[in-house]
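Throughout the sequence shown, residue numbering follows this note's numbering, covering 189 to 578 in sequence.
Even glycine gets a Cβ: it sits at the ideal position worked out from N, Cα and C.
Predicted, not measured: the structure shown is a model, and the values here were computed from it.
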Amino acid sequence: MKTFKEMVRREFRLFFANKTLLSVMIFAPIIYAVLIGFVYKEGKVTELPVIVVDQDNSPLSNRLIDMIEDSEKLHVQQVKRENTGTQQELLNSQAVLVVTIPERFEADILQKRYPEVNTFINTANLLTANMASQGIQSVLGTFSAGMEIQGLMKKGVPQAATQYEPFKSNYIRLFNPTGNYFTFMWPAVLAVVLQQVLLLAFAVSFASELQSRTFQTELMSYTRNSALAIFVKALPIWLLTVGVLGFYYVMHGVFHAPMPVSLQPFIITTSLFVLAITFMGVLFSVLIPDALKATQVLMMFSTPAFLIGGFSWPLSSMPQGVQFIANLIPLTPFLNAHKILLIEQGDLQNVLPFIKHLGIQIAAYGVLAIAALQYKMKVWSKVETEVVNG
Numbered sequence: 189m190k191t192f193k194e195m196v197r198r199e200f201r202l203f204f205a206n207k208t209l210l211s212v213m214i215f216a217p218i219i220y221a222v223l224i225g226f227v228y229k230e231g232k233v234t235e236l237p238v239i240v241v242d243q244d245n246s247p248l249s250n251r252l253i254d255m256i257e258d259s260e261k262l263h264v265q266q267v268k269r270e271n272t273g274t275q276q277e278l279l280n281s282q283a284v285l286v287v288t289i290p291e292r293f294e295a296d297i298l299q300k301r302y303p304e305v306n307t308f309i310n311t312a313n314l315l316t317a318n319m320a321s322q323g324i325q326s327v328l329g330t331f332s333a334g335m336e337i338q339g340l341m342k343k344g345v346p347q348a349a350t351q352y353e354p355f356k357s358n359y360i361r362l363f364n365p366t367g368n369y370f371t372f373m374w375p376a377v378l379a380v381v382l383q384q385v386l387l388l389a390f391a392v393s394f395a396s397e398l399q400s401r402t403f404q405t406e407l408m409s410y411t412r413n414s415a416l417a418i419f420v421k422a423l424p425i426w427l428l429t430v431g432v433l434g435f436y437y438v439m440h441g442v443f444h445a446p447m448p449v450s451l452q453p454f455i456i457t458t459s460l461f462v463l464a465i466t467f468m469g470v471l472f473s474v475l476i477p478d479a480l481k482a483t484q485v486l487m488m489f490s491t492p493a494f495l496i497g498g499f500s501w502p503l504s505s506m507p508q509g510v511q512f513i514a515n516l517i518p519l520t521p522f523l524n525a526h527k528i529l530l531i532e533q534g535d536l537q538n539v540l541p542f543i544k545h546l547g548i549q550i551a552a553y554g555v556l557a558i559a560a561l562q563y564k565m566k567v568w569s570k571v572e573t574e575v576v577n578g
């Protein structure tokens with residue numbers, strides 16, 4: 189027991205002596221949580237700039253322009269009469285849409301000639317392009333239906349609206365009804381940051397000791413049990429992680445982010461996530477006895493984790509090789525479970541496949557990490573014995 193306490197005391201001393209690592213673990217989650225929180229605070233994009241080329245300048249074309257301006261997503265930045273130099277103005281003003289209303293627009297509508305309104309979408313940014321596209325489709329659809337109903341009513345057709353719409357269709361958005369981008373993105377970014385700082389911490393855990401040779405001169409003088417060595421080495425990092433998670437929880441309340449219905453599933457999945465990262469980081473730290481190289485290798489795996497993890501782009505749409513790599517990273521099952529628990533308000537039963545996935549990672553990385561470290565200890569013990577007997 190005395191030896192265990194001395195080991196723990198030593199690890200805390202080493203951990204807090206590494207000011208760079210300590211600063212990253214404390215300040216990176218705080219900075220990213222606050223910074224990204226304010227970036228996505230509004231949750232949705234409104235008043236996207238639109239250029240309207242009105243070649244008709246009639247009461248109906250002006251009504252259409254007013255409807256575009258009234259849309260929450262769109263803002264008429266400029267109205268032109270001639271369709272010249274429009275593409276250059278689109279670039280200069282960073283407008284998302286150009287809506288062209290043709291000549292004789294009103295006359296053709298009244299004479300049932302069905303004029304064409306062309307919409308040119310700036311797809312350089314797909315997010316704003318999709319939002320603007322939804323907005324203009326809604327406006328043009330409403331305007332077109334309104335004109336058709338108005339025409340039927342002028343002809344004296346009874347119940348024109350009912351005849352034009354033989355059935356009503358209702359679109360009900362679930363889980364994120366307002367399409368809030370903050371709700372979707374912010375919690376996921378926090379998980380990415382947590383994985384990064386934990387992998388960084390565990391990458392240097394044993395690699396720095398092996399590099400400085402304190403592994404055999406100090407650590408092995410306390411214990412030659414690899415599982416115990418990993419536990420003690422991880423203890424200060426785990427305790428600081430609890431503080432980081434507590435801060436994340438507080439920031440969810442500050443930014444009005446979605447909160448889990450029950451904390452139990454969230455605690456289980458997060459604990460498994462941290463444990464999987466622990467064994468993965470320790471494994472690479474033992475196999476690569478150079479702190480810088482171990483960090484670089486783990487960051488190479490971790491950096492694209494969000495993109496290939498299936499959170500924002502379906503994993504099934506990726507090549508098999510990419511899917512294989514994604515399934516090796518703890519962030520992949522955790523983010524998918526996180527989305528179900530936080531955004532979809534699911535329960536533990538809904539995330540069982542991802543819990544099993546994390547369990548497999550823990551078992552695989554855990555066995556490999558313990559075996560690799562035990563092998564290192566055995567090798568150094570043999571060397572030590574040979575030196576003594578030498």
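Going by beta carbons, residue 517 and residue 497 fall inside the 8 Å limit. The stretch 534-547 and the stretch 453-463 touch, with three or more beta-carbon pairs separated by less than 8 Å. Relative to residue 306, the option among 459, 406, 234 and 242 whose CA is nearest is 242. Annotation: the stretch 243-274 contains the following complete segments of the alpha helix (DSSP H) (minimum length 4 residues), in chain order: 247-258.
Judged by DSSP in its simplified three-state form, residue 515 adopts helix. Restricting attention to alpha helix (DSSP H) runs no shorter than 4 residues, the stretch 357-413 encloses them at 369-391 and 395-400, ordered along the chain. Assignment of residue 289 by DSSP, reduced to helix, strand and coil, places it in the strand class. In terms of Cα proximity to residue 485, the closest of 471, 197 and 398 is 471. In this structure, the straight-line span from the alpha carbon of residue 372 to that of residue 289 is close to 36 Å. Of the candidates 467, 515, 295 and 543, the residue whose Cα lies closest to the Cα of residue 558 is 467. Between the stretch 395-412 and the stretch 248-264, the count of C-beta pairs closer than 8 Å stays below three; the two stretches do not touch. Ranked by how close their Cα comes to the Cα of residue 313, the residues 333, 330, 282 and 301 have 282 in first place. Look at residue 307 here: in three-state DSSP terms it is strand.
Residue range 479-490 is occupied by the alpha helix (DSSP H) that includes residue 490.
Contact check for residue 381 against residue 217 passes: the beta carbons are separated by less than 8 Å.
One Cα belongs to residue 463, the other to residue 430, and the distance between them is close to 13 Å.
DSSP, read as helix, strand or coil, puts residue 219 in helix. Looking at the DSSP output, residue 237 shares a beta bridge with 263. Going by DSSP, residue 447 is part of no alpha helix (DSSP H) at all; its letter is neither H nor E.
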